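Residue numbers (this note's numbering): 137 to 197.
I have placed the structure first, in the form of structure tokens, so that the comments after it can refer back to it.
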């Protein structure tokens with residue numbers, strides 16, 4: 137999957153979520169090993185790898 141596309145929603149599992157003053161923040165784990173962090177205005181993805189993972193904002197309002 138291209139790094140700029142969101143993962144298949146059926147392959148994501150909610151690992152954690154909590155409310156902040158900005159709204160709900162959810163941490164989702166994909167079957168491929170990547171993480172997504174979702175807030176009301178942003179979706180960020182962290183790709184797995186042997187080196188330090190990089191964070192890329194894939195959707196922002």
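C-beta: ideal position from N, C-alpha, C; glycine also.
From a predicted model like this one, the values you see are computed outputs, not experimental measurements.
Burial check for residue 155: the Cβ neighbour count within 10 Å stays below 16, so the residue is exposed.
In this structure, residue 160 keeps its C-beta atom at 8 Å or more from the C-beta atom of residue 151. In the three-state reduction of the DSSP assignment, residue 151 falls in the strand class, which pools E and B.
As the crow flies, the alpha-carbon of residue 149 is around 10 Å from that of residue 171.
Burial check for residue 168: the Cβ neighbour count within 10 Å stays below 16, so the residue is exposed.
Under the criterion of beta carbons closer than 8 Å, residue 158 and residue 184 do not qualify as touching, at roughly 27 Å.
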